[in-house]
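Here is the structure we will look at.
There are 2 protein chains.
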Amino acid sequence: MSTSARSGYHHGDLRAAALAAAMRMLEAGESFSLRAVAREVGVSAPALYRHFTDRDALESALATEGLRDLLADLTADQPTPATAADLGELAVAYVAFALRRPALFRVMFTNACDEGNEQRVEAADQIHQLLQAAMQLVFPAGDPSALADAGWAFAHGMANLYMDGKLAAASNKEVAQHVRSAFAAILAIRDS
Amino acid sequence: MSTSARSGYHHGDLRAAALAAAMRMLEAGESFSLRAVAREVGVSAPALYRHFTDRDALESALATEGLRDLLADLTADQPTPATAADLGELAVAYVAFALRRPALFRVMFTNACDEGNEQRVEAADQIHQLLQAAMQLVFPAGDPSALADAGWAFAHGMANLYMDGKLAAASNKEVAQHVRSAFAAILAIRDS
DNA sequence: GCGATATGTTTACGTCGATAACATCGAGCG
DNA sequence: CGCTCGATGTTATCGACGTAAACATATCGC
Chain D
172 MSTSARSGYH HGDLRAAALA AAMRMLEAGE SFSLRAVARE VGVSAPALYR
222 HFTDRDALES ALATEGLRDL LADLTADQPT PATAADLGEL AVAYVAFALR
272 RPALFRVMFT NACDEGNEQR VEAADQIHQL LQAAMQLVFP AGDPSALADA
322 GWAFAHGMAN LYMDGKLAAA SNKEVAQHVR SAFAAILAIR DS
Chain W
172 MSTSARSGYH HGDLRAAALA AAMRMLEAGE SFSLRAVARE VGVSAPALYR
222 HFTDRDALES ALATEGLRDL LADLTADQPT PATAADLGEL AVAYVAFALR
272 RPALFRVMFT NACDEGNEQR VEAADQIHQL LQAAMQLVFP AGDPSALADA
322 GWAFAHGMAN LYMDGKLAAA SNKEVAQHVR SAFAAILAIR DS
């Protein structure tokens, strides 16, 4: 609906329409195929090759969008996390994103194309920087880079383990509580 | 070589041969397909359906093997980790496994089949228990379950981020050092 | 207006997972 | 010993996929 389908032959803005359709399918849980996207948009499959060199390129574009959305989610609640509790909520938001849009999340991190897609690298960097800045605020005495990696790994691991059913929870709220508990357990180490 | 190929018609022990071939391909970096496995073993593709209900069942069997191998790796160096440093090496071993056998690691955790495969659930549980016991030894005052989840998430996240190129390192030794640094940074929080 | 260029289409190839129908072997019973 | 039956292979086939080639059409610069 967002983009037009002008003449009978040419589409108008196929690239955007294809991305939108693919994103919608990904979120609807339909495992997407190039052909399915083409079908959805009402165009022949090879037409997509005018706008994406191959399937991976389409995925890469989706991944870029996803990374931006993730960043937006992370900064929405706490623009600049400054307390340990804020950090915990950052992890909660990260895992919640993964569980709300699992297929997209998978594409974001599994799809190869690291070089090549400059916007995507930038989006990923911004997430990393957000984390690093937060760590610096919360733990000024610590190594911010190492802490950022550790925190990212924690959240990313939680996200993957829950997505893949290796950790179980009845509801998304329960997942959030588990993430909080695990995070709290780490902080409580200082009492040992 | 491990299993025989008796008569011209019947294979002898196709199930084992198929698993071995699939595992070898997975570790060689060849993305494996049911048909490719059949080709490798010298048998027609549908023959495999006599031994695996579908592709996922084959993957599930590989995953079970992989989980056992991972557990063996984790317990090889430190049978019962008792110090914080031991925990760090556990994480290092976990990530090293993922980077040494990435395709297998992916199958182990991405492949669905959680119920159904009892041996596999058991293998996963043993890893979880190993972690929990270690946490109890190292941090007797902490919540062992929450700490085990947190530690697993940390190691699993590191593994995935390095596998997917989201964290970069020149060599596997460098990866190990990064994991150690990140782990140390967490422990150093108590000094903040 | 007209031709180059961008953007579609049809057709086709090879691969994949999966099913159905048929072939062959080995074990156990007469 | 010979026959049948069940386990385990085979061939033939289907529909879906990614992708390339050759062809068609619409749009834009002159």
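Protein chains in written order, with our numbering: chain D, 172 to 363; chain W, 172 to 363.
Don't be surprised by glycine CBs; every beta carbon is placed ideally from N, CA and C.
Exercise. Among GLN307(D), ASN282(D), LEU275(D), which one has its Cα closest to the Cα of ASP227(D)?
Worked result: As a position in the first sequence, residue 227(D) is number 56, starting the count at 1. Answer by Cα proximity: ASN282(D).
Exercise. Under 7 angstroms between C-beta atoms, does GLY259(W) make it to chain D?
Worked result: Numbered from 1 along the second sequence, position 88 holds the residue referred to as residue 259(W). Taking Cβ atoms only, chain D never reaches closer than 7 angstroms to GLY259(W), which makes this a no.
Problem set entry | Cα-Cα separation, ALA176(D) to ASP314(W) | Here residue 176(D) refers to the residue found at position 5 when the first sequence is read from its first residue. Here residue 314(W) refers to the residue found at position 143 when the second sequence is read from its first residue. Confidence at ALA176(D) is low in this model, with a pLDDT of 45, below 50, so the placement of that residue should be treated as unreliable; the coordinate-derived value is given next. Each residue's alpha carbon lies about 58 angstroms from the other.
Exercise. Taking buried to mean at least 16 other C-beta atoms within 10 Å of its own C-beta, is ASP320(D) buried or exposed?
Worked result: Within the first sequence, residue 320(D) is the residue found at index 149, counting from 1. It is buried - the Cβ of ASP320(D) has at least 16 other Cβ atoms within 10 Å.
For this session: Starting from the beta carbon of ALA253(D), find every residue of chain W whose beta carbon is closer than 7 angstroms, and list them in chain order.
Result: For the purposes of this step, residue 253(D) is taken as residue 82 along the first sequence, with counting starting at 1. Within 7 angstroms Cβ-Cβ: nothing; ALA253(D) doesn't reach chain W, min ~14 angstroms.
Exercise. From TYR220(W) to VAL214(W), what does the alpha carbon distance come to, in whole angstroms?
Worked result: On the second sequence, residue 220(W) is found 49 positions in, with the first residue counted as 1. On the second sequence, residue 214(W) is found 43 positions in, with the first residue counted as 1. Whole-angstrom Cα-Cα distance: 11 angstroms.
Problem set entry | Nearest neighbour of ALA294(W), chosen from HIS222(W), ALA243(W), LEU197(W), ILE357(W) [CA to CA] | One-based indexing of the second sequence puts residue 294(W) at position 123. The option with the nearest alpha carbon to ALA294(W) is ALA243(W).
Problem set entry | Inter-residue Cα distance where the pair is LEU233(W) and PRO311(D) | Here the question's residue 233(W) lines up with position 62 in the second sequence. Here the question's residue 311(D) lines up with position 140 in the first sequence. A straight line joining the alpha-carbon of LEU233(W) with that of PRO311(D) spans about 45 angstroms.
Exercise. Taking Cβ-Cβ distances shorter than 7 angstroms, what residues in chain D pair up with LYS344(W)?
Worked result: To locate residue 344(W), count along the second sequence from 1; it is residue 173. None at all; the shortest Cβ gap to chain D is about 17 angstroms.
Problem set entry | Backbone secondary structure at ASP314(W) - three-state DSSP | If you number the second sequence from 1, residue 314(W) lands on position 143. Correct three-state label for ASP314(W): coil.
Exercise. If we cut at 7 angstroms on Cβ distances, does ASN288(W) have a partner in chain D?
Worked result: Counted from its first residue, the second sequence places residue 288(W) at position 117. At a cut-off of 7 angstroms between beta-carbon atoms, ASN288(W) makes no contact with chain D.
Problem set entry | Own chain, CB closer than 6 angstroms to ASP257(D), minus 5 neighbours either side, in chain order | Your numbering for residue 257(D) matches position 86 in the first sequence. Taking ASP257(D) as the centre and dropping the five residues before and after it, the same chain places the C-beta of GLN249 closer than 6 angstroms to its C-beta, in chain order.
Problem set entry | Cut-off 7 angstroms between Cβ atoms - residues of its own chain near ALA192(D), not counting five sequence neighbours on either side | Here residue 192(D) corresponds to residue number 21 of the first sequence, with the count starting at 1. Closer than 7 angstroms at Cβ, skipping near neighbours: VAL208, GLU211, VAL212.
For this session: Answer yes or no: does any C-beta atom of chain D fall closer than 7 angstroms to that of ILE357(W)?
Result: Mapped onto the second sequence, residue 357(W) falls at position 186. True, the Cβ-Cβ gap to chain D drops below 7 angstroms.
Exercise. Does the Cβ-Cβ distance between GLY328(D) and GLY328(W) come in under 7 angstroms?
Worked result: Position 157 of the first sequence holds residue 328(D). Position 157 of the second sequence holds residue 328(W). Result yes, Cβ atoms of GLY328(D) and GLY328(W) sit closer than 7 angstroms.
Exercise. Leaving out five residues before and five after GLY200(D) in sequence, what residues of the same chain have Cβ atoms less than 7 angstroms from its Cβ?
Worked result: As a first step, residue 200(D) must be located in the first sequence, where it is residue number 29. Answer for GLY200(D): ALA274, listed in chain order.
Problem set entry | Same chain only: Cβ atoms within 6 angstroms of GLN303(W), ignoring 5 sequence neighbours per side | Within the second sequence, residue 303(W) is the residue found at index 132, counting from 1. Taken in chain order, the residues that qualify are PRO315, ALA319.
Problem set entry | Three-state class that DSSP yields for ILE357(D) in the structure shown | Position 186 of the first sequence holds residue 357(D). In the structure shown, ILE357(D) adopts helical secondary structure according to DSSP, grouped into three states.
Exercise. What whole-angstrom Cβ distance do ALA339(D) and TYR265(D) have, given they're in contact under 8 angstroms?
Worked result: What you label residue 339(D) is simply residue 168 of the first sequence in a count that begins at 1. What you label residue 265(D) is simply residue 94 of the first sequence in a count that begins at 1. No, ALA339(D) and TYR265(D) are not in contact; Cβ-Cβ is about 19 angstroms, not under 8 angstroms.
Problem set entry | Segments of 4+ residues assigned as alpha helix (DSSP H) that fall wholly inside the stretch 213 to 267 of chain D | Complete alpha helix (DSSP H) runs here, min 4: 226 to 248.
Problem set entry | Cβ separation of SER231(D) and ARG291(D), assumed to be a contact under 8 angstroms, to the nearest whole Å | Numbered from 1 along the first sequence, position 60 holds the residue referred to as residue 231(D). Numbered from 1 along the first sequence, position 120 holds the residue referred to as residue 291(D). Going by Cβ atoms, the distance from SER231(D) to ARG291(D) rounds to 6 angstroms, so yes, they are a contact pair.
Problem set entry | Residues that HIS327(W) contacts on chain D, provided the C-beta gap is smaller than 9 angstroms | Within the second sequence, numbered from 1, the residue matching residue 327(W) stands at position 156. Correct list: ALA324, HIS327, GLY328, MET329, ASN331, LEU332, LYS337.
Exercise. Is ARG206(D) buried or exposed, if buried means 16 or more other CB atoms sit within 10 Å of its CB?
Worked result: Sequence index remark: in the first sequence, residue 206(D) carries index 35 (1-based). Answer is exposed; the Cβ neighbour count stays below 16.
For this session: Compare the C-beta of ALA187(W) against all C-beta atoms of chain D and say whether one is closer than 7 angstroms.
Result: Here the question's residue 187(W) lines up with position 16 in the second sequence. Residue-level contact by beta carbon fails for ALA187(W) and chain D, as no gap is shorter than 7 angstroms.
Exercise. Can you tell me whether DSSP reads GLU201(D) as helix, strand or coil?
Worked result: Working through the first sequence from its first residue, we reach residue 201(D) at position 30. GLU201(D) falls in the coil class under three-state DSSP.
For this session: Check the Cβ-Cβ distances between SER352(D) and every residue of chain W, and say whether any is below 7 angstroms.
Result: If you number the first sequence from 1, residue 352(D) lands on position 181. Output row for SER352(D): interface = yes.
Exercise. Whose Cβ in chain W lies nearer than 9 angstroms to the Cβ of ALA317(D)?
Worked result: Taking the first residue of the first sequence as position 1, residue 317(D) is located at position 146. The answer, in chain order, is HIS349, SER352, ALA353, PHE354, ALA355, ALA356, ILE357, ALA359.
Problem set entry | Within 7 angstroms of chain W by C-beta, residues of the stretch 241 to 252 of chain D in sequence order | none
For this session: Indicate the three-state DSSP secondary structure (helix, strand or coil) for ARG272(D) in the structure shown.
Result: Against the first sequence, residue 272(D) aligns to sequence position 101. Three-state DSSP puts ARG272(D) in coil, outside helix and strand.
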